[in-house]
Amino acid sequence: MTRCPLCAAPAPHPFLRRDSVPVHQNRTAATRAEALAMPRGTLALCACPACGFVFNRSFDPTLPGYGPGYDNTQSLSPAFAAHLDSLARHLTEVRGVRGAHIVEVGCGQGDFLRRLVAYPGADNTGTGLDPSYRGPVQDAGGRLSFERRLYGPDCARPADAVVCRHVIEHVADPLALLRTIRAAAPTARVFFETPDADWILRQCVPWDLFYEHCSLFNAGSLADAFGRAGYTVTGVRHVFGGQYLWLEAEPGPAAAHPAPGETAALATAFAVRETALVAAWRAHLAQLGRVAVWGAGAKGATLASLADPQGVLIDFLVDINPAKQGRYLPGTGHAIVAPAELAARGVRHVLVMNPEYRAEIAAMLPHGVALAEWAD
Ligand SMILES: [Zn+2]
């Protein structure tokens with residue numbers, strides 16, 4: 230019997246099942262053929278009625294890889310950069326993370342850790358760990374170091390503060406990750422950011438559910454996970470337009486406080502609507518004519534995979550990240566191009582995957598290209 234990885238209750242039937250989906254959303258390919266040949270897996274999401282945790286019971290941890298070719302950088306967007314700036318200000322000025330050694334688990338290209346170390350007067354040092362990191366291993370005059378590897382018991386580091394953003398949803402056993410951090414840095418405060426499962430289900434966003442995210446939390450299940458791993462949660466709040474949860478905790482006694490909330494009911498309602506919504510999207514894309522999708526990240530890759538698996542409705546995807554331009558979307562093989570190429574390629578409409586970026590994208594569109602409205 231499959232059990233909930235968080236509370237060990239028997240798993241319910243999946244509310245969502247997608248077979249043969251690309252296991253990667255953020256790993257682009259050098260050629261279309263390579264993109265089409267990327268590994269596939271099964272997404273079978275269960276929403277635990279006992280604790281509210283959402284997990285893929287068919288997840289195979291040997292399939293996704295986060296090495297070269299994986300790029301989840303979002304800080305090139307002004308809206309996302311402003312979000313990182315605001316979190317850095319909060320940590321240093323409100324939470325007093327100063328004169329501290331900060332370990333960032335899954336630091337990507339280090340954009341957030343650099344902000345915490347460079348913050349005026351904060352006097353912080355940092356170590357970032359990420360297998361997809363591409364920059365120098367020492368930076369900021371030796372105040373910053375990076376290691377190209379997955380965080381695990383063998384590389385656990387002592388720290389005053391541990392930061393971990395958009396990582397725990399990629400981990401099949403989140404309790405093991407939290408217990409590893411707790412053992413490695415027994416006095417450290419921890420700061421985590423992860424998508425809010427309730428936001429995805431309530432807004433009914435099918436492209437926010439994909440293979441890389443095998444573990445999704447609501448505010449209650451996130452706090453419960455930290456409690457079980459030996460933390461006292463001092464706060465969980467919504468950030469970034471309500472899409473993400475921001476959790477703060479300090480070491481404490483291990484205790485379970487299950488608070489399932491509405492997630493299981495929201496999942497049932499989502500399942501009823503999802504098929505019709507994807508069908509409406511196919512019709513909408515066909516009716517738009519020449520259309521590009523802005524954002525070759527997980528949302529764009531999942532929309533393409535769900536609504537245009539044959540690559541006939543979406544002309545291409547646009548991304549401001551130079552590391553993705555000229556490459557191909559995993560699973561469907563759609564081309565990824567720079568914004569400057571939009572005008573020459575003859576598309577009339579651009580579809581924006583995340584409404585938080587709508588204003589900045591509208592300002593970058595060439596004459597004759599309009600933002601497409603969303604289908605309902
Ligand atoms: Zn559970």
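Using my numbering, you'd call the opening residue of the sequence shown number 230 and step up by one each time. Even for Gly, the Cβ is constructed at its ideal location relative to N, Cα and C.
Nearest-angstrom beta carbon gap, residue j and residue i [assumed within contact, 8 Å]
i	j	result
cysteine 280	proline 595	Between proline 595 and cysteine 280 the Cβ distance is about 49 Å, and since that is not below 8 Å, they are no contact.
valine 332	alanine 412	That belief does not hold up - the Cβ atoms of valine 332 and alanine 412 are roughly 13 Å apart, past 8 Å.
isoleucine 410	valine 334	7 Å
leucine 558	leucine 571	Leucine 558 to leucine 571, Cβ: 17 Å. No contact.
glycine 459	proline 480	6 Å
phenylalanine 455	alanine 478	5 Å
phenylalanine 309	proline 234	The Cβ separation is near 29 Å, so there is no contact.
glycine 560	alanine 264	7 Å
isoleucine 549	threonine 257	Wrong, their Cβ atoms sit about 14 Å apart, outside the cutoff.
threonine 492	alanine 426	6 Å
Burial state of residue i, where buried means 16 or more other Cβ atoms lie within 10 Å
i	result
glycine 364	exposed
glycine 441	The residue asked about is misnamed: residue 441 is glutamate in this sequence, not glycine. Glutamate 441 should be labelled buried.
glycine 555	exposed
aspartate 352	exposed
glutamine 254	buried
glycine 355	buried
glutamate 602	exposed
glutamine 516	exposed
methionine 267	buried
proline 382	exposed
glycine 339	buried
threonine 416	exposed
Residue interval of the beta strand (DSSP E) (run including residue i)
i	result
aspartate 248	245–251
glycine 355	354–358
alanine 276	269–276
threonine 423	418–424
histidine 330	330–334
leucine 476	473–480
histidine 578	578–581
arginine 394	390–394
glutamate 376	373–376
Alpha helix (DSSP H) segment containing residue i, residue limits
i	result
threonine 321	Taken as a continuous stretch (DSSP letters only), threonine 321 belongs to no alpha helix (DSSP H), as it is neither H nor E.
leucine 558	From DSSP, leucine 558 is part of no alpha helix (DSSP H); its letter is neither H nor E.
alanine 500	492–517
leucine 407	403–413
**Report entry** Ordered list of beta strand (DSSP E) runs contained in the segment 445–469, each at least 3 residues
**Finding:** 460–468
query: Do the segment 433–451 and the segment 382–400 make contact, defined as three or more Cβ pairs closer than 8 Å?
result: Contact between the segment 433–451 and the segment 382–400 is present, because at least three Cβ pairs lie under 8 Å.
* Evaluate contact between the segment 230–249 and the segment 266–279, counting only Cβ atoms and requiring at least three cross-stretch pairs below 8 Å. => yes
I'd like to know if the segment 250–265 and the segment 523–535 are in contact, where contact means that at least 3 CB-CB pairs between them fall below 8 Å. yes
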